[in-house]
Every structure is written in structure tokens, then in C-alpha cells.
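J.: Next up is a structure, given as C-alpha cells.
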Amino acid sequence: MNLRTPSLTSRRRMLQALLGTAALQAPLAALAGFNFFTSEYTASRDELQAMIAKRFPVAERYAEIFMVGLRDPQLGLDAGANRAALTATLTIASPLLAASPVQGVVSMSSALRYDVPTRTLRLDHPKSERLELQGVEGRDAERLQKVGSIVAQELLQDQVLRSFTADELTMGRKTYEIGDITVQDNGIKVQLK
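For the sequence shown, numbering that gives the first Met the number 0 assigns the number 0 to the initial residue and increments by one for each residue that follows.
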């Protein structure tokens with residue numbers, strides 16, 4: 000059997016080809032959710048969950064008496080209503096409460112919008128769907144639920160779900176803008192126009 004050792008020139012060509020292939024794959028991996036052939040981008044629920052979790056906990060003072068905080072957000076997607084859903088642990092603290100802080104869970108649903116100047120996909124007009132508080136009953140529970148709902152809606156208004164870079168929205172010489180936003184069961188799809 001006659002085995003030939005490749006020449007130095009052919010080894011260089013083979014190495015250049017391998018390095019060229021690796022260089023091409025790196026930018027394509029970064030654009031994994033982008034499909035420029037169908038002009039759309041899909042962000043998976045897991046990707047969005049990881050991004051929104053980084054922005055929590057959040058808190059806001061209400062009427063100089065209550066401090067309302069949200070933590071541990073869990074993102075859900077409602078394809079039928081084309082809305083995002085968010086469930087979070089809610090905390091209400093106040094010197095007026097005998098048992099402070101009060102813990103609970105709030106569930107919100109929200110439309111989505113794209114903010115052009117910041118290139119971000121954001122929650123828009125979140126609405127409190129359910130709020131449960133632990134250890135509070137009667138009129139106190141009703142008042143705290145109202146406070147919690149109002150502040151949770153304020154905290155989530157304009158909350159960023161996904162940021163896009165200028166590089167992500169550019170392919171060759173064309174720079175894309177975000178168009179229609181569609182909530183799916185396992186992700187959010189945006190049209191590239």
C-alpha cells in the first residue's frame with residue numbers, strides 16, 4: 000500500500016478551508032432565531048424567560064405608604080389571545096400593616112409592542128388577571144389587592160422582553176425593522192420588514 004503525505008501547500012489549503020468554514024458558522028450561530036428567507040425572527044419562550052428574569056426583582060413605592068415588589072417572574076404565552084402572560088411573587092410592605100410584609104402571587108397578561116428608538120420588544124398595557132395574598136382577609140385583602148394590581152401593572156408597563164442590536168437587524172446592506180408581532184405557544188415571532 001502506498002501512502003502519500005500531503006504536501007505543505009495542500010495542507011495549507013485544507014487548513015484555510017476549515018478555518019473559513021468555522022468563521023462562516025460563528026455569525027450564523029448568533030442569528031439562530033433569524034430567518035431572513037421568510038423575513039421573520041422567533042424568540043423561544045426559554046430565551047425570553049432568561050432575558051426577563053435578569054430584570055427582576057423590581058419594586059415601587061405607592062402613595063408613600065406601600066412598597067410593592069415583584070420577583071421570580073415566570074413567562075407564559077397565550078397564542079389564542081396574542082398576549083404574553085407573567086406570573087410573579089408579589090410583596091407588599093407598609094408600616095400600616097400588622098403582618099408586614101404580605102406575600103402573594105400576581106398573574107398578568109399583556110399585549111406586546113416594538114419600540115423603534117431602543118430596538119426593544121416590550122410589554123404594553125399589562126392587565127392584572129389574578130392576585131392572591133397570603134394571611135390577609137376581608138376589606139384589608141381587597142384594598143391590598145387593588146394596590147398590588149395597580150403597582151404591578153405600573154412595574155410591568157414597558158418591561159423589555161427582548162432587545163435587538165443594529166447588527167442583528169442588518170443582513171448585507173439591508174437593515175430590517177420589526178413589523179407584526181405574533182405570540183405562539185412556544186415563542187414570539189416578529190416580522191422583519
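The C-beta atom is built at its ideal place from N, Cα and C for all residues, glycine as well.
For residue 40, which residues does DSSP report across the bridge?
T.: Along the sequence shown, one-based indexing puts residue 40 at 41. Answer by DSSP bridge pairing, in chain order: 33, 189.
J.: Once the 5 residues before and after residue 84 are set aside, which same chain residues still bring their CB inside 8 Å of it?
T.: What you label residue 84 is simply residue 85 of the sequence shown in a count that begins at 1. Excluding residues within five positions, the ones whose Cβ falls inside 8 Å are 74, 75, 76, 77, 106, 107, 108, 109, 128.
J.: Looking at residue 121: is its Cβ nearer than 8 Å to the Cβ of residue 111?
T.: Here residue 121 corresponds to residue number 122 of the sequence shown, with the count starting at 1. Here residue 111 corresponds to residue number 112 of the sequence shown, with the count starting at 1. Yes.
J.: Taking residue 128 as part of the beta strand (DSSP E), name the residues at either end of that continuous run.
T.: Here residue 128 refers to the residue found at position 129 when the sequence shown is read from its first residue. First-last of the beta strand (DSSP E) with residue 128: 119-132.
J.: Can you have a look at residue 28 and say buried or exposed, based on whether 16 or more other CB atoms are within 10 angstroms of its CB?
T.: Indexing the sequence shown from 1 puts residue 28 at position 29. Residue placement at residue 28 is flagged as unreliable, the pLDDT there being 35, under the threshold of 50; the coordinate-derived value follows with that caveat. The residue is exposed, with fewer than 16 neighbouring Cβ atoms inside 10 Å.
J.: Where in the segment 42-86 do unbroken runs of the beta strand (DSSP E), each at least 3 residues long, occur, reported from the N-terminal end onward?
T.: Counting only runs of 3 or more, we get 57-61, 65-77.
J.: For residue 193 and residue 124, what's the separation of their Cα atoms in angstroms?
T.: Look at the range of the chain in this structure, 0 to 192, and you will see that residue 193 is not part of it.
J.: Indicate the three-state DSSP secondary structure (helix, strand or coil) for residue 99 in the structure shown.
T.: Start at 1 with the first residue of the sequence shown, and residue 99 comes out as number 100. It is coil, neither helix nor strand.
J.: Going by other Cβ atoms of all chains shown within 10 Å of its Cβ, with 16 needed for buried, is residue 245 buried or exposed?
T.: The shown model of the chain, from 0 to 192, leaves out residue 245, and the question about it has no answer.
J.: DSSP three-state label for residue 22, please.
T.: Your numbering for residue 22 matches position 23 in the sequence shown. Confidence at residue 22 is low in this model, with a pLDDT of 37, below 50, so the placement of that residue should be treated as unreliable; the coordinate-derived value is given next. In the structure shown, residue 22 sits in a helix (DSSP, three-state: H, G or I).
J.: Quick one: measure Cβ to Cβ for residue 102 and residue 90, integer angstroms, because I've assumed they're closer than 8 Å.
T.: Position 103 of the sequence shown, counting from 1, holds the residue named residue 102. Position 91 of the sequence shown, counting from 1, holds the residue named residue 90. About 6 Å; that satisfies the 8 Å criterion.
J.: Report back the beta-carbon spacing between residue 189 and residue 177 to the nearest angstrom; my notes put them in contact at under 8 Å.
T.: Walking along the sequence shown from the start, residue 189 turns up at place 190. Walking along the sequence shown from the start, residue 177 turns up at place 178. Contact flag correct, Cβ pair sits at about 5 Å.
J.: Relative to the C-alpha of residue 150, which candidate in 174, 114, 116, 61 has its C-alpha closest?
T.: For the purposes of this step, residue 150 is taken as the residue at position 151 of the sequence shown. Looking at the Cα atoms, 61 is the closest of the given residues.
J.: Please look up how many angstroms separate the CB atoms of residue 144 and residue 132, rounded, as I've assumed it's under 8 Å.
T.: Mapped onto the sequence shown, residue 144 falls at position 145. Mapped onto the sequence shown, residue 132 falls at position 133. Between residue 132 and residue 144 the Cβ distance is about 7 Å, and since that is below 8 Å, they are a contact.
J.: Between residue 134 and residue 92, which are expected to be in contact by the criterion C-beta below 8 Å, what is the C-beta distance as a whole number of angstroms?
T.: Looking up residue 134 in the sequence shown gives position 135. Looking up residue 92 in the sequence shown gives position 93. That belief does not hold up - the Cβ atoms of residue 134 and residue 92 are roughly 13 Å apart, past 8 Å.
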